[in-house]
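Heads up: the structure comes next, in structure tokens.
Below is the structure:
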């Protein structure tokens, strides 16, 4: 958001607006207008790392402790 909803001033972080990231219950960005003191909160979600059951490393496919090379299970 570029404009304050209350005083309609153009918000420039560090000049007339303060921007902070908060990690309480739900992560959110807090923008405070330094002209009128209005506080705006915008929630955001972090990207979750995909859990991979299969990893491909240098042409080898490793799956649950068993190694598969080019479609053939290795004999351990």
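In this note's numbering, the protein residues as written are 260 to 335.
Backbone N, C-alpha and C fix where the C-beta goes; we use that ideal spot for every residue, glycine too.
All figures in this text were calculated on a predicted structure; none of them were measured in a lab.
Let me check understanding here. Comparing Cα to Cα, which of 303, 262 and 296 lies closest to residue 287? 303
Measuring alpha carbon to alpha carbon, tell me which residue in 267, 300, 294 and 262 is nearest residue 285. 300
Whole angstroms is fine: what's the gap from residue 262's alpha carbon to residue 277's? 13 Å
Residue 287 lies in the beta strand (DSSP E); which residues open and close that run? Counted as a single uninterrupted DSSP element, the beta strand (DSSP E) harbouring residue 287 occupies residues 287 to 292.
Do residue 270 and residue 298 have their C-beta atoms within less than 8 Å of each other? no
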